[in-house]
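Q:
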Amino acid sequence: MTISREAGLALAEKWTAMWNGDLALVDEILAPDFRIEFGAVVADPDPALITDPAGMAAFVGTWRARRGDLTFALQAAQLVDEGDGVAFTWSVELPGTTRRSGIDLCRLVDGQIARVWSVTGERAFPA
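Under numbering that gives the first Met the number 0, the residues of the sequence shown are numbered 0 to 126, in order.
Right, here's the structure in full:
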């Protein structure tokens, strides 16, 4: 299934909303056998336990609860290949800490996110 640029951008926006706490989006945007790989060490909660949308919702909920009031935002123009993938840069802010940026590369299946490779940097990309 080929995805349009608009649909890819909508997925990126919903993915960001999910990370901001809208966990009801997981069944809409994530494939039934969803997986995520992080470039940084993430030990708690263990991301290896994420094997479906419900696992991702539990991960994000726990992760947010342990870190406080995080705010994620998309940065710059998102990259969409209008095929089976979408990539986008983002930033995260937690009061009292330095803003950081990252990039997520997503493989899509039937219009849903099936696999993500997520890399977080130690500093923020320029705006």
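Glycine is no exception: its CB is placed at the ideal position from the N, C-alpha and C atoms.
#1: For the beta strand (DSSP E) containing Thr119, name the first residue and the last one.
#2: What does the alpha-carbon distance come out to for the pair Trp18 and Leu29?
#3: Could you tell me the alpha carbon to alpha carbon distance between Pro125 and Ala72, rounded to whole angstroms?
#4: So Ala123 and Ser100 are in contact, right, with Cβ under 8 Å, and what is the actual spacing, rounded?
#5: With C-beta atoms as the reference, is Arg34 less than 8 Å away from Arg114?
#6: Which two residues bound the contiguous alpha helix (DSSP H) that contains Asp26?
#7: How far does the alpha helix (DSSP H) with Leu8 in it reach, from first residue to last?
#8: Does the Cβ of Leu93 have 16 or more other Cβ atoms within 10 Å, making it buried, or fewer, making it exposed?
#9: Out of Ser117, Thr70, Leu78, which one is the CA nearest neighbour of Thr97?
A: Based on what the coordinates show:
#1: 111 to 119
#2: 13 Å
#3: Those two C-alpha atoms are separated by around 13 Å.
#4: 5 Å
#5: yes
#6: Note, Asp26: alpha helix (DSSP H), 25 to 28.
#7: 4 to 18
#8: Classification for Leu93: exposed.
#9: Shortest Cα-Cα distance from Thr97 to any of Ser117, Thr70, Leu78 involves Thr70.
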